[in-house]
Structures are given as structure tokens and as C-alpha cells.
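Asker: Protein chains in written order, with my numbering: chain A, 3 to 315; chain B, 2 to 379; chain C, 525 to 1034. All C-beta atoms in this analysis are idealised placements derived from N, C-alpha and C, irrespective of residue type, glycine included. Everything numeric in this text was worked out from a predicted model, so none of it was measured.
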Amino acid sequence: MGLEQLFTSAFIITWLAASVRLAGPVLLAALGEIFDELGGILNIGIEGTILFGALTSFLISFLIGNAWLGILGAIIVGIISNLFLAWMYITVRANQVVVGIIFNLLALGLTSYTFRAVLGTQARPQKATMIETLDIPILSDLPFFGPVFFSHSIFLYITIVLVFVSGFVLYRTKFGLNLRAVGEHPRAADTAGINVIKMRYIGVMISGAAASLAGAYLVLGQLGIFRDNIVSGRGFIALAIVIFGRWNPYKAALAALVFGAADALQLSLQIFAFKIPPQVLLCLPYFLTILAMSGLMGKAVQPAALLKPYNKN
Amino acid sequence: MMSKASFLERRQTPKESSSVTIFITALAIILALLFGSLLFLPFGVDPFKAYSTMVEMSFGTLRGIGYTLIKATPLIFVGLGTIFAWRSGFFYLGFEGTILIGAAAAVWIALLTDPEGAIGPLPRLLFLLLVFLVSFVAGGIWAGIVGVMRGKFGGNEVILSLMMNFVALFLVNYLVSGPLRAPGDLPQTPRIPQATILDFIIPGTRAHSGILLALFAAIVVWFVLRKTTIGYKQIVAGLSPSAAWYGGINVGNRVILAAFIGGGLGALAGMVEVLGVHFRLLDGLGEGTGFIGIVAALLGKLHSIGVVIASILYAGMEVGADVMQRRSGVPSSVIFVIQSLIVLFILASDILRYYRINLSKLFGNDRGKKTLEVDSST
Amino acid sequence: MVPYIELRNINKRFSDVNANDHVDLSVNMGEIHALLGENGAGKSTLMNILYGLDYKDEGEIFVQGQFSDIRTPSDAIALGIGMIHQDFMLIPPFTVTENVVVGLDEEGSSPLLDLDKAARSIKALSEQHGLEVDPHARVEHLSVGEEQRVEILKLLFRNAKLLILDEPTAVLTPKEAEGLFEVLRSLADNDHTIIFITHKLHEVMNISDRVTVMRDGKAIDTLKTKSTNPRELAMKMVGREVVFHIDKNLGKSGECVLQIENLHVDDDTGYHKVQGVSLDVHSGEILGLAGVDGNGQSELAQALMNLRPIKEGNIIVNDVDVTNISSSLHRSAGMAYVPADRRKVGSVSELSVALNTILGNINHYATAGNLIIQDLQVREHAEELVERFDVRPRNLTLDAGKLSGGNLQKVVLGREIMHEPSLLIVEQPSRGLDVGATEYVRRQLLTERDRGTAIFLISAELEEILALSDRIAIIYEGEIMGVINSDEAVVEAIGLMMGGTRLEDLPGYR
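#1: Ser378(B) to Thr569(C), Cα distance in whole Å?
#2: Helix, strand or coil: which one does DSSP assign to Val526(C)?
#3: Pick out whichever of Thr717(C), Arg734(C), Met738(C) has its Cα sitting closest to the Cα of Ala565(C).
#4: Using beta carbons (cut-off 8 Å, strictly below), is Trp246(B) in contact with chain C?
#5: Excluding sequence positions up to five away, which residues of its chain have a Cβ less than 6 Å from the Cβ of Glu836(C)?
#6: Would you kindly report the start and end of the unbroken beta strand (DSSP E) that includes Asn542(C)?
#7: Once DSSP output is grouped into helix, strand and coil, what is the label at Glu785(C)?
#8: Counting along the chain, where does the alpha helix (DSSP H) carrying Thr58(A) start and finish?
#9: Any beta-carbon of chain A closer than 8 Å to the one on Gln195(B)?
#10: With a cut-off of 8 Å, does the C-beta of Gly627(C) fall near any C-beta of chain A?
#11: DSSP on Lys742(C), reduced to helix/strand/coil?
#12: Starting from the beta carbon of Glu186(A), find every residue of chain C whose beta carbon is closer than 9 Å, and list them in chain order.
#13: Which residues bound the beta strand (DSSP E) around Val1007(C)?
#14: With 16 other CB atoms within 10 Å as the buried threshold, where does Phe171(B) fall?
#15: What is the residue span of the alpha helix (DSSP H) that Thr230(B) lies within?
#16: Residues in the segment 166–184 of chain A with C-beta within 7 Å of chain C's C-beta atoms, listed in sequence order?
#17: Going straight from the alpha carbon of Leu689(C) to that of Glu622(C), what length do you get?
#18: Within this structure, are the beta carbons of Tyr1030(C) and Ala1013(C) separated by less than 8 Å?
#19: Against Arg202(A), what residues of chain C qualify as contacts under a CB-to-CB distance less than 7 Å, listed in chain order?
#20: Please classify Pro124(B): is it buried, with 16 or more other beta-carbons within 10 angstroms of its beta-carbon, or exposed?
#21: Out of Tyr52(B), Ser59(B), Pro75(B), point me to the one whose CA is closest to Glu288(B)'s CA.
#22: Along the chain, where does the beta strand (DSSP E) containing Phe154(B) start, and where does it finish?
#23: Quick one: which chain B residues come within Cβ less than 7 Å of Leu112(A)?
#24: Determine the DSSP secondary structure at Ala795(C), reduced to helix, strand or coil.
#25: Using 8 Å as the threshold, is the C-beta distance between Ala212(A) and Gly50(A) below it?
#26: Taking 8 Å as the cut-off, does the segment 823–836 of chain C touch the segment 900–915 of chain C (at least 3 CB pairs, one atom from each stretch)?
#27: Can you give me the C-alpha to C-alpha distance between Trp17(A) and Thr161(A), rounded to a whole angstrom?
#28: Please confirm if Val869(C) has its CB atom under 8 Å from at least one CB of chain B.
#29: Bridge partners of Gly812(C), per DSSP?
#30: Does Lys926(C) come out as helix, strand or coil in the three-state DSSP assignment?
#31: Which residues share a DSSP beta bridge with Thr175(A)?
#32: Whole angstroms are fine: how far does the CA of Ile43(A) sit from the CA of Ile352(B)?
#33: Residues in its own chain within less than 8 Å of Leu112(B) by CB, not counting five upstream and five downstream?
#34: Is it true that the segment 258–273 of chain B meets the segment 872–891 of chain C, where meeting means three or more beta-carbon pairs spaced less than 8 Å apart?
#35: Can you name the residues of chain B whose CB is closer than 7 Å to the CB of Leu284(A)?
#36: If you draw a straight line from the alpha carbon of Gly45(B) to that of Val335(B), how long is it in whole angstroms?
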């Protein structure tokens, strides 16, 4: 196939639909991470929480046969695991980068172990009961917009709704204002009567629910199986999306789409006899993030108290 | 804020002393091992037996020691890189990437010295020197890119280095699927020439001379940080950029040097892996080592000797865990759990420094005020 | 009449220091009550307890006669108490409205924000009390005076009836301070009660109805302002006859050591902070630079050491142009610098005392091409410093951060003095130090001056400038308003210059 085929609407539709689909899980995780970082916590452990969610949802769905219970289980596990993270970040006030890295290792070990303990060491990939794709009636029949936006897993619809919910909560509610205050100037927030500790805990636990839900999304909405390190860096991509999207849910959605588009493009282009190594395209979103974070394009205006633990004294 | 009527009294300032540090580290290791032993039970394995088998397998047999040293070597390099970078205030997390870059550079040079390669066979010493330099500089430049972004433009090195890991991954993936691929379908390069393989240093094992280089590097890093003006400036820049600025130290330059040296050391981890263990470049090389090495450095409190000990400990655990998996079916990933729990417990125990145990309240009598400090007075 | 606020027997310890020692305080409604004391007297601690930022070990608080257990700022706010700190508690990227509204959560109110409604109320409030400010402006674009108005609006918006202000004029010009006092008087006339913490006697005399003096954690006395005077207050504050001038002879000044010619410097935000400063300092004299913090002094001092780029102008030390040489060479040119922040800038807290004594001068203690540090030399140098300047404890391996303020200052000052510089630049030398340490530092400076060192003293404490300087320069908004000899110094004139009047424009200037 040649260059002309590239610009047919069929290709573009397939590509965009794939972009949206691939963007889903990372966007969901990124939304949660926004609540961490706006409160002042850089949570690198998000990769680990996604992994916990992935495993939990897989096991429950596989063993019991009910995907919805799997989702519920994932959310509960995510909140609990992030409770621990929150304790390390906020109460122990350990170095956030360090805790995140170690937590990811812990998650890798625990999930890998649990998977084998339950399924046996030589397990071949087993399929779990998944959540089916949902075609939204009428809308999914629209030309172009139909396949691109309205024929997706229910997870995606939930994620999109959550984008708007996050935007609303962050910019239109007192909770949102207070959370952002905590991430900018915790001492000022404290003297204004905000419980800084409580707000940060809530933020981290929200991201726990979102991240583990993203793990469930990955397993029950896309891949259907579980294997070691199934998350393979998507948590870090979520971190990039948060920054690329300037800690704003709507911009993060666009950023996630860019990542999804590069991923999808690289898959599609393999069909074509192109000389561009697929790795270049895969690299593209990372390059963009690197550019955005490099400081070459001016300082990213991050929450001023990011990474700084709060000590009342 | 309110003092509970408990035996735990809150201090105003944390008590610190090295005997406390050692006590807490030991306690953390024991607790982590206890936790880990819970994971053995579902497999019907006696934890005590399992641990002693692990120790025997990693440190009790010659072969085991060999494997342990092999696994420890790249961890030590990454750990040393972590020390130099982090103590300079440069929180580099890109060692996964530097391992790949260093490995790629080493394989490239090694293949060039193939009898049919562009350079042709070289005298051994010359080859070793060349491959060392090229690997180190390649890793140094790789990390240096992030260093420049941080030092000159104020970019956030945590995210940048994580992103660069992906770039390195794709780069190597490209190389082994394309330009450097050996004939055949597997994503890997041809095997490097026999003349380029590192010497085995312990007969009966596959331990290679990389460990000697790693130990030497540990001494060098210690010396530089502790005894030279360069080290002093790096440390001051890392502890207090504003005081460094006041003292005439250019923090941006310090960061760039930290990146270069840290990246170079990380690259050496990749170099020894290909020249001593895998003998070719392939996908997934050194996966995870880049992060476990950081954790080992943290366990070693960012000191050279600590890093060496911690790396050997972690390597021993991995060797033992492999054996255990083969023998009893307990997944070797249980080791990641123990490795991470050790450091997490140490981090969490930091909060203990803020408390002292009041013995008299603990045992309910108020006869005299005996307080046992969690920390011994030194 | 029941006092509006009553604090009884408040006791608060921090490890081995008794910050508040059985303190009683009572404040009446509608009065402006000054809390006077030096650094470390316990005023801020007491008010932090009243505002719920800290919790007492013993004692009771009564608001309008009712016992009140205040544990968090929310409790205090609910009782109508508000506090404004020295560092403003404002969030720069947020607007004025967002800053005023943040953290507010009345019983049964909606979880949603209504910023427009709030903005309208704020506008009304600001007009009512003479606190002009634009509700939609971002705080990062406001001036210091405007920021303070936002802080006051924050309190009024929460229906605060008691306003606590901690050193409110520390960062204001005299003119802005007058404006603040007008607002305070108007608020007091409108049934608000004001407590303000200060160490400035003239403020107490100017605006307060009553004053409570604190010293070493104790409340010494409470007086009606009208029936006391600055000297009496100063005595109670310090506990002994205050000598306003240390017995100093006038320095015998010699050659010109430092010549600053038309210096222009920008600050970190690109603002033209130092605008054409020209000064000279001679050997054997102390030139004091007076001025409210933030008028360019810091940037000037940093530029002298080339720690900050110089836009225009020249710096000449001992006839050598040092304008653009690297900062590490300044020390070899005979310059030394004691910065204002001794903990974050002047020293490295996690490094040993010994290693701190070579900061800024490591090459001097290194061999092999300035590469290898001579541990022995370093230790000898550190031992000498610690002996000579009486640093306690004498432990060289102790982390510098564990030293008290006074001892740390001795290390920093000692380190700079031991270079035997021809020019010593000192910034806020006694800030945060207790009386003993302050006296020690000042005597050291005079000793150095008598040995022939030229000293450029920058201080926001006018009393310190007057006590030490041979000549006094006043800086305001980056420009020198005038330079006078200390024996001709009249405090009022200096105050006027600090507030922006040039020497030539002073009434009575010939």
C-alpha cells in the first residue's frame, strides 16, 4: 500500500479510533495523578497502583467470572495501597521520589507472586471475563464521529465523564480550590483553616482509585489477560501526560490523545512499506514531553509546593 | 499535638546517631524477612529452611558466590552512579537507559574489533581501555543531556530521566531489529568476538573481572566525594544550592558533571553485562537493574561501602530466590517484595527518631522516671 | 467590663526552652493593644496559641468571657479571631478573590464556589474600610502594601472581630505604614479589636492604646501607652538600661577601599532593583546602609561579590576593577561577605562545622592542583576559628545546622574575618540573635574596623546602624537618598530618607 492510502478516511477513522482507545487507560491514571500533584505530591508509585488494580481485577474476574466485581475489587485495593503511599508521603514525610520507586518494585513483586501463587508457576495466559464494547445507540452510527467516539469500551465513557467531573471539582468547588491551595502554599492553606494533611490524603486516595481503575481498564477493557509487568511504563506515561497537560484535566485529555495517536500511528504504519522505524513514532510523545519539561520552552508552572513535605512546625 | 497518656513521647528534634542507624537497618531487614516468610507459607515451604537454603546457595557454594558477584556487579555500578548524582542534588532515575546505552556502545566497539570488523582485533589492554571509554562517555552524554536541561534550563530531571529510559528502550529495540541484527529472526546482535569477553576470575564459576572494576570504581567514588575539592563542591551543591552559590560554586555545572559521571557509571553496568554475561545486545537487557540499583544505593545510605554491601546482599537474594523457585515453586518475585520492604521499613522507621519510649509509663509504674530511648546515647 | 480576650497562665515549652512562661494577657474590645518585645520574647508563640496554630501546655483562653478551647485556626476563625503573619499567607497564582475565599466553609453552605458573588462582597468591604484593591487581580502582581490589604480583607470577610498582626510594618515604607495605621484606627473605631506584635517603640507610642511588654517568655508589664515613654518601655523590654550607642569611638578612616560607581542591578524577576548607586567605603570605617528590607540592599551586596550579574557600573576594590571577575576570585581580591540568611546561604546545615569553615575558599586548603583537600589544614583552621570566636559547643564534626543562631553566626562571621579581608560586607548581622550574641557580633565588627578593615554594613534595624556606623547611607527603591556622618545623624531625618525623601529635599537642609 502506498502513500495515497494513508489519507483515506478509512485509515484516518481507524487511526483516530485507535488513538482514543489507546489513550483511555493512561488518561484515567493521569486524572488521578492530577489530584496528587495539585495537592503537592509527586506520586511516581502510580505505576505500582495500576499494577495492583490490574491484578485484582483480573483475579476476581477470572475466578468468579464477574467483571464488575473485579472493578470494584480493583478500586478498593487501589485505595488501600494508596493509603499506605499517602502515609509514607505525608505522615512519614519520606522522599516522594524514593518511596514511589520502591513502591513500584514492591508492586511488581507482590503482583507477580500473587499471580503465580493463585494460578501456578507455569501458567499460560488465561483470559478473564471482560467488559464488552458498548456501541452508543444512534450516535455510533454517525459517519466518522460514530466509530471514533461512540464505539468504545464503557471504561472509556467513564473516563471521559471523569475528565469533566475532575474539571468541575477542581475549578468550581471549594474542595478543588482548597486542594490547589495546598499544592501551592501549604502554610497559607493551613492558616486559612484547611487541613493540609487531610486534603493530601484525600488527593492520594482519589488517585489510588483512578489508577487501579485504570489497571482494571487495561485488563478487563483491553487486553483480557494478565502477565508480569503488564503495565510496562504506562504509569510513567501518565506522569508525562499530567505535565504535558499542565495539571489541567481537559488539557491532559488532549495530551493523552497525542500519546495515543503516536502509539496508534506506529501500529498502523507497520502495514505500510515505510522506511520509518516504528520506534521513531513510538518515541515521538516522549520527545514531546521531554521538550515540554526540558525548560527550553520556559519553566513549566508546576504547583509550587510539589515534592515538599509539609511540617506544621 | 496532644500528648496521649501512652508510653510513646514525642520529641522536638529527631535523635540521630550511627548506632541507631545500624540498629534500625538490622531491624528493617529482619522485619522484611519475617514478612517475606509469610509468602512462603502458601507453598508449604518452611521459611527458615528457605532462607538458609538461599544463603547457602548464594554464599555457601563457590558457584553461588560466582553468580552473586555477577549479579552484584551492575547493581554496584548503578548504585555508585546514584550516589554521585543524587548527592549532587541531581535526582537521576534514568539508569535503565544508561545501562542500555552502555551495553549498545560496548557491543558496537566489540563487534568492530571482530576480524572482519572495521577496526579489527586489538591488543587486549587497548580494547578494554577503548570499550571502557566509549561506554562511559556514551552513558555520560546520555545522562548529560538531562543534566544540561536541568543545569542550564531548570528542567525537572525526575520526569526527564524517566522519559529518556523509554527513548533508550526504543533505540536499542531499533538497533537489534535493524542495523545491528544478527542473521536470523531474533531481535539481537551477533555474539561478540571471543577476544572481547571479560576474563573469568574465579575458576569453577562464571564470575568475571567486572566485579573488580566495580570495586575499584567504588573506591574512586568514595575518594572523589570525600577527599577532593570536586567532591566537596558536588556535595555542597547537592545539600544547599543557595550556600553553594554563595560559596562561588556554579550549581548548574555541578549538576552537569553529576549527570555525566552518574550516566557513565550506569553505562558501565551495561558494559559488564554484555562483555561478561550475555555476550550480545538484546531486547530487555538489564531490565529492572536500573531501579534495583537505586534501591540498593538507598539501602547503602548513599555511601560507597554501603552500596557494595547492599548490592551483594540483593544479588545474593536474587540468586537464592532463583534456586528456590526451581526447587520449591515459590516465585522468585518474592525477592522484590523483600528487597523493597527492607528499604520501606527503614524509611518508615525514620519517624521513630521522633519518639522515645518511656519505660515507666509502659510498665505502669511511676517509680522514678526511667526512659529507654529508642536510640542509644552515644 | 469583661475583657474581650483573656489569656490566663499560658505555658508553652519547646524542648528545653520555655517560650511562654505563665503568661497572662487581657485585651479590651475596641482597643489597639501592642505586644512588645525583642526576638525570642515569646510574642509570636503566644499569638500562635491564640490563633490555634499551636497548642498550649497549660492555661486557659477566654473569648468574651467564655472559656474557649482553640486547637486549630478553624476554631479561632469561628470565634472571630484572625491573624496576619510577617510572611504573607497568600497564594501568588490565585486572584485576590480566590485568596480571600480559600478555606472558607460556613455551616450548611454549598460545596460550590461562587467567585463572582464573593468578588462583589470584597469590593464592598474594601471600599468600606479604605482598603483599595482589585478583586480580580492575581496576587503575584500586587505590591507589598496591596498584599497586606488583601490579608486584612481575608480576616474581615470571615467576620473577624479580633485582628492579630505580627510585625505588620516590617516590609512597609513609612508612608505605607501610616496608611496601615489609619486603617487600623478606623477598624478600632468600628468595634474591632487589634493586637499587634512589634519590636518598634515608635509604633507602640504612635498607635496603641495599651501595651504589654514581653521578655524571655514572660509578660513583664501592661501599661497604658499614654502614661509611658520609649525609654521605660525599652528598659522593660531588655531588662536593663539600654545603651543606645555602644561605646564606640569614631573610626579613623583611611584610604578608599571600595568604590561603587553608578551600579545598576536587576533582581530575580528582572526588575531594575538597584538604580545607579554610587558609594565609597574607606579602611577603618563602617559605612552603614539603612533602609527598609527590600529596597535593593540584598541585590547590591550580592552584586558586589558578583553573585548577581551587574547591568551597568563598576566596582573597584583597592584600586582594582573587580566588576566582572568570578565570585571565587573576590575573596582573593580581599573581599568577604556575611549574608543575611546564615542557615540557608551562609552555611550548609548538614555539613560539619569544620567543612563549613572552608566554604567559599576551598582551594586554599587543597593541594595537587587544587584537587585534594588537606584534612589536617582544614581541621587546624577550624580549631583556630572555634577557639578565637568562642563557638559552642567546640565540636568540629557537629552538623552546622545544630548550632544556635548566635554560634552559627560566629562561624560565618569568623570564617570571613579570618581571611583578613580589606573589605567586609555584612548583611543583617544580628537578625534573629539574642541580646548576648548581638552584642558579641557588634563588638567583633568594631574590632575589625579598628584593625583597618573597611566594613559595609547593611541592616534594616536602624538602631544597629546608629550604634555601629561612622557614616550612614540611606537607600530607598534602589537609589541612595543621602549619606551623612553619624554624629550629625538625626533619627527623624533618616526616617524621612528611608521613606523616600532625598537629603537635599529635607526641610532645614542647607
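Answerer: So, to answer that:
#1: For Ser378(B), the predicted structure reports a pLDDT of 29, less than 50, and the residue's modelled location is therefore unreliable. A value from the coordinates is still provided. Each residue's alpha carbon lies about 31 Å from the other.
#2: coil
#3: Met738(C)
#4: yes
#5: His788
#6: 541–551
#7: strand
#8: 48–66
#9: no
#10: yes
#11: strand
#12: Ile615, Pro616, Pro617, Phe618
#13: 1003–1009
#14: buried
#15: 230–240
#16: Arg174, Thr175, Lys176, Phe177, Leu179, Asn180, Ala183
#17: 21 Å
#18: This sequence places Leu at residue 1030(C); Tyr is not what is there. Their beta carbons are not under 8 Å apart, which means Leu1030(C) does not touch Ala1013(C) by this criterion.
#19: Those within 7 Å of Arg202(A) in chain C number zero; the least Cβ separation is about 15 Å.
#20: exposed
#21: Pro75(B)
#22: From DSSP, Phe154(B) is part of no beta strand (DSSP E) but of the alpha helix (DSSP H) over 125–154.
#23: Val338
#24: The question names Ala, but residue 795(C) is Tyr in the sequence shown. DSSP places Tyr795(C) in coil when its eight states are reduced to three.
#25: no
#26: no
#27: 20 Å
#28: yes
#29: Leu981(C), Ile996(C)
#30: helix
#31: Leu636(C)
#32: 19 Å
#33: Gly118, Leu181, Thr190, Pro191, Ile193, Pro194
#34: no
#35: Phe171
#36: 15 Å
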